[in-house]
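Structure, as structure tokens:
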Amino acid sequence: MGNVNQKPQPNSQSDQELEDQESSSSTFTCEICIEPVSLPKFKNSNRCVHPFCTDCMIKYIQVKLEDNVADIKCPALTCDHSVEPISCRAKIAHQLFDKWCDVLCESAVLGLDRVYCPYRECSALVVNECGGGGSLSRCVCPNCKKAFCFRCKVPWHAGYRCEESGETRDQNDIAFGVLSERKQWMRCPMCRHCVELVKGCAIVRCRCGIEFCYKCGKKVDHHWCNCRRSSTICMWIFHLCIVILVIWPFFLLFTAITRRNQNK
Numbered sequence: 100m101g102n103v104n105q106k107p108q109p110n111s112q113s114d115q116e117l118e119d120q121e122s123s124s125s126t127f128t129c130e131i132c133i134e135p136v137s138l139p140k141f142k143n144s145n146r147c148v149h150p151f152c153t154d155c156m157i158k159y160i161q162v163k164l165e166d167n168v169a170d171i172k173c174p175a176l177t178c179d180h181s182v183e184p185i186s187c188r189a190k191i192a193h194q195l196f197d198k199w200c201d202v203l204c205e206s207a208v209l210g211l212d213r214v215y216c217p218y219r220e221c222s223a224l225v226v227n228e229c230g231g232g233g234s235l236s237r238c239v240c241p242n243c244k245k246a247f248c249f250r251c252k253v254p255w256h257a258g259y260r261c262e263e264s265g266e267t268r269d270q271n272d273i274a275f276g277v278l279s280e281r282k283q284w285m286r287c288p289m290c291r292h293c294v295e296l297v298k299g300c301a302i303v304r305c306r307c308g309i310e311f312c313y314k315c316g317k318k319v320d321h322h323w324c325n326c327r328r329s330s331t332i333c334m335w336i337f338h339l340c341i342v343i344l345v346i347w348p349f350f351l352l353f354t355a356i357t358r359r360n361q362n363k
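In terms of my numbering, the sequence shown opens at residue 100 and continues consecutively.
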């Protein structure tokens, strides 16, 4: 029986179809711009992978950051994952990544009392971590080391109240304010002129005729102030406690001797 030459069967797919399949597998259609794009797809770390091109995702992130959105969600309709900033760091511009970090920091301190440093060359974010709310005034920027007012958000107005910080002043006014703060001069509550107390009573009379307490700066109607009264009462209580502690052992000794004599 002789050999029978078998005719090769035709392939189910032609070479052209295989080439078209290989070409089609190297591209995908972006669901944002609806354009065929070459692989790879945008990968959101190990959270999710969707048919989005890198260019569209960069524009999507940029638009969200312009709206100060810190938690950027995946644009897929059925996905609840957030876009991971670290996985996007190599794909986006350095300035865009820095802005993303700034927005994340601002959202982290959203519920805290915060201001920006008023000096233009700094503008660092300063957070009030000590509490106190409206009582906080003078503070030092941790970045540029310059003093500013936390309450009215301007460079420190030495020697002046926050209500007066918006007034126009020259260099002499600023220098005088710094000097009065260093010397701890007190301002009259009526005319706001500085008064220096060298020695003597804490109740002083300004040249405008108003008497005020040099310790607390409040106007008084008599030669006495409640701040002095409270401190005087505390001092009297302290002295009384010392006297009791000194006399108490002698009182116990006297009581013991009296009881002994009565028992005899």
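We put the CB at the ideal spot given by N, CA and C, even for glycine.
Predicted model, so just to flag it, every value in this text is computed and none were measured.
- The way I'd put it, the region 164 to 172 doesn't touch the region 141 to 152; fewer than three beta-carbon pairs between them come closer than 8 Å.
- Every alpha helix (DSSP H) stretch that sits fully inside the region 145 to 224 and reaches 4 residues is listed by chain position as 153 to 165, 184 to 187 and 193 to 207.
- Boundaries of the beta strand (DSSP E) around P135: P135 to S137.
- Three or more Cβ pairs closer than 8 Å define a contact, and the region 221 to 231 meets that threshold against the region 239 to 252.
- Under the criterion of beta carbons closer than 8 Å, V214 and K252 qualify as touching, at roughly 5 Å.
- In the three-state reduction of the DSSP assignment, R286 falls in the strand class.
- Relative to V277, the option among C293, R306 and I185 whose CA is nearest is C293.
- When DSSP states are grouped into helix, strand and coil, A274 belongs to the helix group.
- In this structure, DSSP gives E310 an extended state, which the three-state scheme calls strand.
- A distance below 7 Å separates the beta carbons of V202 and L164.
- K318 is bridged by DSSP to F311.
- According to DSSP, residue pairing for A246 in a beta bridge involves V239.
- For I160, same chain residues with a beta-carbon under 8 Å away, outside a window of 5 residues either side, are I171, V182, C187, I191, L195 and W199 in chain order.
- In this structure, the beta-carbon distance from K318 to P288 falls below 7 Å.
- Here R237 has A246, C248 and W255 as same chain residues with Cβ atoms under 7 Å from its own Cβ, once five neighbours each way along the sequence are excluded.
- With a cutoff of 7 Å on beta-carbon distance, C290 and A301 are scored as not near each other.
- By the 16-neighbour rule on beta-carbons within 10 angstroms, C305 is buried.
- C229 sits exposed, since fewer than 16 C-beta atoms from the chains shown fall within 10 Å of its C-beta.
- Between E130 and P150, the C-beta spacing is below 7 Å.
- Ranking S279, G308 and A274 by CA distance to the CA of E295 puts S279 first.
- Judged by DSSP secondary structure, V297 falls outside any beta strand (DSSP E); it is assigned neither H nor E.
- C216 and N227 have their C-alpha atoms spaced approximately 12 Å apart.
- Per DSSP, the beta bridge partners of V226 are R213.
- Here the C-alpha atom of K298 lies approximately 13 Å from the C-alpha atom of W284.
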